[in-house]
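Sequences listed follow chains A and B, in order. The numbering of the first sequence is this note's numbering, which starts it at 498 and goes up by one. The numbering of the second sequence is this note's numbering, which starts it at 210 and goes up by one. Remarks on the structure that follows.
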Amino acid sequence: MAVQPILKYPHPVLKKLCKRVEVIDQCIAGLIRDLVDTMHAGPGSVGVAASQIGVTLRVCVVDVSKNRLGKENNHGLLCMINPEIIARSGLAVMREGCMSVPDYTGDVDRATEVTVRFSESDGSSREITASGFEAVALQHEMDHLDGVLFLDRIVSIKTGLFRRKNYS
Amino acid sequence: MTPQPETLHYAVSVVGKDRPGIVAGITEGLFRLGCNLADSSCTMLAGEFAMILIVSHQRPFSKARLFDELKPACDALGMSLAVRTLHADEIIRQETDSEICIISVYGADQPGIVYRVTRELAGRNINIMDLNTKLIGTPQEPVYVLMLEVALPQGETPEGVEKLLEKLKKELNVEIGVRVVTPVAF
């Protein structure tokens, strides 16, 4: 068990573009174990990206199966190396928070369905199509690999009415 | 005797006719004084710009110093100014594990919509965290829109709130919806 501390903004690593994993070796296996342990240690955590524990590699883990919003519709534990979104559809707003940005939440637009291609720890390639809460979790974690925080995606600073006069 | 806090907090409100440069004009004075903007909400209401600021400063400092710095800027901008010293107990960080809901209420404009809805909520100890209202539609057919963000106390459910407001919905002939917007933590 190797639970790592979650880095908090303004730690500079959180804004770094993570590098592709070229060789899946013991180090990557160890990183994935740390990510899973760290996720399970965080109360209610449904995902951790490598940059959140200080490693700038394109690796993240997601597991929404124990969450109230994700338990009906999920792929269980996903350990993803070099994940890429190859298709997305739909749009929904969800109010998000992040362990790396404590005490702040905001409304973020996310695709409601995403198809993600990634490598598994045995090197095999896998493709999944996720929807609902799992899709949002995947997008949130994969954003970390690009140095993007939910703060970069907040769509409204005020809950309220559309104020535009012209709807054209 | 409780120890005196090192940091002093003030509630500052500034309201006046909207125009570009208000925020810069007010915050310049705060910056000059070395004040922190601990929390703030500023918005346009009709043609007015309304600023509510929680300002902090290390001791020694005084409300008079804050007021004297801001007053000329407010006068120049034609804004009203009010400053209140906050007691140390008032500035404790508000945290909640509650379910957060948005309640939307809209329908033909009539007196008492806000009062009738919020009275029901207060009766069940449902705390309002954010509220805004807007009069829309046409002068012939004015429509009132009320949006509330509320924290549900333990044991209260979104369905329970919907049921609570059901009677009002019929009585006032307005639409009332309750949606959960509790943040998801990643």
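Heads up, the beta-carbon is just placed ideally off N, CA and C, and yes, glycines get one too.
| Query | Result |
| --- | --- |
| Give the DSSP-derived three-state secondary structure of Ala255 (chain B) in the structure shown. | coil |
| Given that Glu593 (chain A) touches chain B, what residues does it touch there, using C-beta distances under 9 Å? | Pro392, Val393, Ala394, Phe395 |
| Please go through the same chain and pick out, in chain order, the residues whose beta-carbon is closer than 7 Å to the beta-carbon of Gln636 (chain A), but skip the five residues on each side of it. | Arg607, Ala608, Val611 |
| Do Val383 (chain B) and Val314 (chain B) have their beta-carbon atoms positioned less than 7 Å apart in this structure? | yes |
| Could you check the C-alpha separation between Lys563 (chain A) and Ala285 (chain B) for me, to the nearest Å? | 58 Å |
| Cys515 (chain A) by DSSP, collapsed to three states: which one? | coil |
| So what's Arg328 (chain B) in DSSP terms, helix, strand or just coil? | helix |
| Ends of the beta strand (DSSP E) at Ala220 (chain B)? | 216-226 |
| Applying a beta-carbon distance threshold of less than 9 Å, which residues of chain B neighbour His637 (chain A)? | Val393, Phe395 |
| Rounded to the nearest angstrom, what separates Thr656 (chain A) and Ser621 (chain A) at their Cα positions? | For Thr656 (chain A), the predicted structure reports a pLDDT of 45, less than 50, and the residue's modelled location is therefore unreliable. A value from the coordinates is still provided. Cα to Cα, Thr656 (chain A) sits roughly 44 Å from Ser621 (chain A). |
| What is the rounded straight-line gap between the Cα of Cys524 (chain A) and the Cα of Val552 (chain A)? | 11 Å |
| Taking one C-beta from the stretch 556-571 of chain A and one from the stretch 357-373 of chain B each time, how about it: are there three or more such pairs within less than 8 Å? | no |
| Using the Cα positions of Val390 (chain B) and Ala546 (chain A), report the straight-line distance between them to the nearest angstrom. | 24 Å |
| Within 10 Å of its beta-carbon, does Ser548 (chain A) have 16 or more other beta-carbons around it, so buried, or fewer, so exposed? | buried |
| Please list, in chain order, the chain B residues whose beta carbon lies closer than 7 Å to that of Val543 (chain A). | Phe395 |
| Of the residues B:Ala297, B:Ile312, B:Ile235, which one's Cα is nearest the Cα of Gln213 (chain B)? | B:Ala297 |
| Could you check what DSSP says for Asp531 (chain A) in three-state terms: helix, strand or coil? | helix |
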